[in-house]
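Top to bottom, those sequences are chains A and B.
The numbering of the first sequence is our numbering, which starts it at 74 and goes up by one.
The numbering of the second sequence is our numbering, which starts it at 73 and goes up by one.
The C-beta atom is built at its ideal place from N, Cα and C for all residues, glycine as well.
Notes to accompany the following structure.
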Amino acid sequence: MSATARRRPVRLPLAMWWRIALVAGMIYVLVLTLLDGVAAAGLSWRGGYLAIAAALTPLEAYFSHRMAKRRELRGGELSRFRLAEALVLILAVTAFRFLWQGLPSLGGRLERLFDLEFFLAAGVLLAVWQAAAAMIRWFEQLDFQPGEKPPPVTSPEYDLWVGSRVRHVQHTAAFQHILTTFLAGGVLIMVLAGMARVDPRAIIDFQRGTIRALILHVLFYFLFGLALTAEARLALLYTRWQHEEATISPAVARRWPALVLGLLAVAVLLALVLPVDYSVGFIDAIAYALNLILTIVVTIAYLVMYLAGMLLYPLRWLMGQSGGEPAPPPPTFQPPEPRPAPAGSPPFLEAIKTLVLWLLALGMAGFALYNFLREHRAALEKVAVLRPLLRALASLAGLLRALFRGVARVGGRVRAGLERRTRGARAAISRRAAGLPRLGRMSPGELVRYYYLSTVRRAEQAGFPRRANQTPDEYGRRLGTVMPDLDEDLGTLTEAFVEVRYSRHPVDQQYARGIRPYWERLRRALRERRTGAQGPPPSAPEEK
Amino acid sequence: MDLGLFIVVLFVVAALMRVDFFFYLLYVFFAVYVLSRLWVRLGLRQVRVERRAPTRAFWGERVPVEIEVRNDGWLPVPWLHIQESLPQPLAYPPIRTQAVSLWPHESARFGYELDCRKRGYYVLGPLRLQSGDLLAAAGAVSAEAGVSHLTVYPRLLPLEDIGIPSRSPYGTIRSRHAIHRDPASIAGVREYQPGDSFRHINWKTSAAQARLQTKVFDAVISLDTAILLDLEREHYEAPYAVTITELAISVAASLASRLARRRQPFSLATNGVDPLADNGQRGPALPMRSGQAHLMAALEALGRVEARAAEPFSELVQRQALSLPWGCTVLMVTGRGDGLLGHVIGLRRSGFKVVVVLTDYHADLRATGAGLEEAGATVYRLRQSQDLARVVL
């Protein structure tokens, strides 16, 4: 260790101050919650000193880490250093305790110093110190270090770099450790805070409602933790980008806090509109819902029976007349008596609220679990115990997917049908708007042409388009092969069209009227074909 | 611990404790979980990328490329990692990366320059985009934007520097056979004869001599030039094949440029592979034309062509000989000139003038050159110079 290195003061970068402050805040509220739990258990412990001492551990951990690193302590040397550090911390917290609480009367017996509180405080302090030291280490690993950048492959430093420790720093793993520690601490603080407020016997009592309580310690813990996660995430991204020598816009870091706050604000707003409390127990709510469903079913059954009775009443009345007996009175509808509600019957809205809350919470947990299993399937399948569960879940997911697909298919069909009908109606309206051909004003020749051309158009719509190179006769024959029952009608209409179109002599009104029935039958048949229904065979043309 | 797993644990704790605040936490974390996933997917979907780059560049030019990334949607994109892949011969490092953040309807621009010191047909891109969320609740999502193409023309060399005379063998030469008369080049005057065009009467001389005099023009034959470039690797010395084929392409481009400057029509055909050709069976071939646009087309084809043979050079010569105009000069640019003798004899017999440029200055070309010259071809051997060494570097 060089003298210059020893003399150089340890500087704390601004980002590290922020991180240490956040970790300190998290530890502080965690220890306070622990003290709340101890107090709820009926033990008197003036442990404010412990929370303050614990909050200072991240700062201490940072400086001691830097010191050990600068002195390049390894192996046994490092262990001795850590042991000495732990002893100093315990002594410091004990001294702080006496400053906080005043000196106890030892009566000359030094062993009285080592009471239960001493061991508890030392244990808590060492645990949070370890956690803080780990967090500091991970944060350091998270950051890009200049030595990570590889020198040119041809340079002599390259071989040194390949074997260097800095090359193997796992940035993403460090981030995962930070996130996991935060979330695990979150579970711990919730359990501690919950235990401080809920009677342990009430935990399994599913007939009770929720407890309304805003637990500030938990709130602050998650606020600090989310800020720490956001900071760590940004640091990780910066590290990756620096590895790639990317040009990083300063806007990324500048906007980061605003975007995180925006996301959290939207999440909180969404959470505020959802139900969180209820006064009816879960079991009661389910019983109430079942009761309600049963009442509805019985009512429907009574209604059906009443209607059946009303239908049979004339028959009974007639039979009564023939026997000379007075006719029975008509049945009257008597709705069933609702089942007696359980004692302290829950109001309808409260029960619904309870059910909605539980369904929502279950749905969320299910969705998160499903995604977790899906994303970690490969890793989880290595655990033999979990394999059958995973297989069962995969089958369930497959079933649900098939169900959704089926529903989507049916929905698609319905939508397509509706669209077809809407399109048809729109087309009809537009045809009307464009002006329908006025058959009464057409000459006989025009009428016959119209009959033929409209038949060709309808046949095209039904899926039998006329090719440009087909003569009317060819087209008529082809159409006749696919619609043999209309072959005669087609032949007559085609013949009439050819006569009108290509001959020089005029046709009279009588002729056009004679063609009309053929056209009408063809029109009807083609319309039915287009809509998918096969119509009845056409009848013979009417004689005019 | 994963955020998804934490939500499950949070649910269990909330369900057991039944403290309303825990349900709030559950909702908040679930909302963060779901919103992050949605945000990432929707955010990247609304990002549009536009690359502004020229499609052609001359050798030695520095080409600016600008990339604009635009957020067309209403959601901000918290971070966007943009990675542009570039052709290594034109840029080092061959990857440019940028990290930006985009508000709704905001755009970010960045650019780089390509140093076009190697001819070729290059792909700029693809441009890879990656985005993610703020709290690592969702995995990163990637997308890929399209690619652009850039053709770098071959280097144009001063022909004198590489040992080819700048006048002959191609160009407008005087001919004893009066195929065309050049009205711009008057050889003299003679007595007017019936049938002479009045437009060709020299009125000044006629007035001076008191007899009608008609202008006599130089008889010229304008030689079309067909450039045939050989890119068959076997025709070049193995260790230097890459360098020399590049040199051959440069020589062909320089010759085409010289012809275009002299406003002479030329055609170009090569057996190299054109990356844009549909079948890849034949190299690019341009018809006999003149003008600047034709030169640009030729440079583009030569910039694009890959130095490997799509067909044997002999097949190319045979095929091209069928469509050459009578009396044109066939200018073959090749490496050592292997197997050309028969073609030279055939072309000479068919009335074509044949010029062969042998570019492989590493090989001993004396015997081959002498044989080709005996067959009636004009042969040029490139001389090795320092300048040549820089042709393809």
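Run of the beta strand (DSSP E) containing residue i, from where it starts to where it stops
| i | result |
| --- | --- |
| B:P150 | 149-157 |
| B:M477 | Here chain B comprises residues numbered 73 to 465, so residue 477 of chain B is not present and cannot be evaluated. |
| B:T223 | 220-224 |
| B:E122 | 119-124 |
| B:R168 | 167-174 |
| B:L196 | 192-196 |
| B:A357 | 357-361 |
| B:S203 | 199-203 |
Cβ-based neighbour list, residue i, same chain, cut-off 7 Å, excluding 5 preceding and 5 following
| i | result |
| --- | --- |
| A:S237 | G220 |
| B:Y105 | L75, G76, I79, A209 |
| A:Q315 | F217 |
| B:L284 | Y264, I273, S278 |
Within chain B, the residues that residue i reaches when beta carbons sit closer than 7 Å
| i | result |
| --- | --- |
| A:R306 | L206, L207, A208 |
| A:V111 | Going along chain B, no residue has its Cβ under 7 Å from A:V111, so there is no contact; the nearest lies around 18 Å. |
Test: residue i CB closer than 9 Å to a CB of chain A
| i | result |
| --- | --- |
| B:H153 | yes |
| B:G197 | no |
| B:S108 | yes |
| B:P165 | yes |
| B:P136 | no |
| B:W398 | no |
| B:Y105 | yes |
N- and C-terminal bounds of the alpha helix (DSSP H) containing residue i
| i | result |
| --- | --- |
| B:I417 | 413-421 |
| B:E366 | Per the sequence presented here, residue 366 of chain B reads as His, with Glu not at that position. Segment 364-376, the alpha helix (DSSP H) holding B:H366. |
| B:S326 | 313-333 |
| A:D562 | 560-575 |
| A:P330 | 323-345 |
| A:G553 | 545-555 |
Cutoff 9 Å: residue i Cβ touching any chain B Cβ
| i | result |
| --- | --- |
| A:V271 | yes |
| A:A88 | no |
| A:W234 | no |
| A:I502 | no |
| A:F217 | no |
| A:W314 | yes |
| A:T227 | no |
| A:R92 | no |
| A:R139 | no |
| A:L520 | no |
Own chain, CB closer than 6 Å to residue i, minus 5 neighbours either side, in chain order
| i | result |
| --- | --- |
| B:P241 | Residue placement at B:P241 is flagged as unreliable, the pLDDT there being 45, under the threshold of 50; a coordinate-derived value is accordingly withheld. |
| A:A134 | A205, A206, I209 |
| A:P348 | K426, V429, L430 |
| A:R589 | none |
| B:L116 | S203, V213, A215 |
| B:D302 | F385, T406 |
| B:L199 | V121, E156, A217 |
| B:L206 | P150 |
Inter-residue Cα distance where the pair is residue i and residue j
| i | j | result |
| --- | --- | --- |
| B:L394 | B:K425 | 15 Å |
| B:C188 | A:V242 | 39 Å |
| B:G243 | B:M360 | Caution applies to B:G243, whose pLDDT of 44 falls short of 50 and renders its modelled position unreliable; the model cannot decide the point. |
| A:R482 | A:G497 | 22 Å |
| A:L309 | B:G145 | 27 Å |
| A:A164 | A:D188 | Reading the sequence as shown, one finds Leu at residue 164 of chain A and not Ala. Computed Cα separation, rounded: 14 Å. |
| B:A282 | B:L228 | 55 Å |
| B:A442 | B:L413 | 10 Å |
| A:F255 | A:A200 | 15 Å |
| A:L563 | A:R597 | 13 Å |
Contact list for residue i against chain A, beta-carbon separation under 8 Å
| i | result |
| --- | --- |
| B:G76 | A441, L442, N444, F445, E448 |
| B:M73 | L252, T253, L256, A257 |
Listed by chain order, chain B residues near residue i by CB distance under 8 Å
| i | result |
| --- | --- |
| A:D350 | D92, F95 |
| A:I288 | V91, F93 |
Where residue i meets chain A, residues with beta-carbon distance less than 7 Å
| i | result |
| --- | --- |
| B:L88 | I276 |
| B:S43 | Lying before the first or after the last residue shown, residue 43 of chain B is absent from chain B, which here runs from 73 to 465. |
| B:I79 | M437, A438, A441 |
| B:Q170 | A319, T320 |
Within chain A, the residues that residue i reaches when beta carbons sit closer than 9 Å
| i | result |
| --- | --- |
| B:A217 | Simply none; closest approach about 17 Å. |
Residues near residue i by beta carbon distance below 8 Å, same chain, minus five either side
| i | result |
| --- | --- |
| B:R329 | The residue asked about is misnamed: residue 329 of chain B is Ser in this sequence, not Arg. Same-chain partners within the cutoff: L228, L367, L371. |
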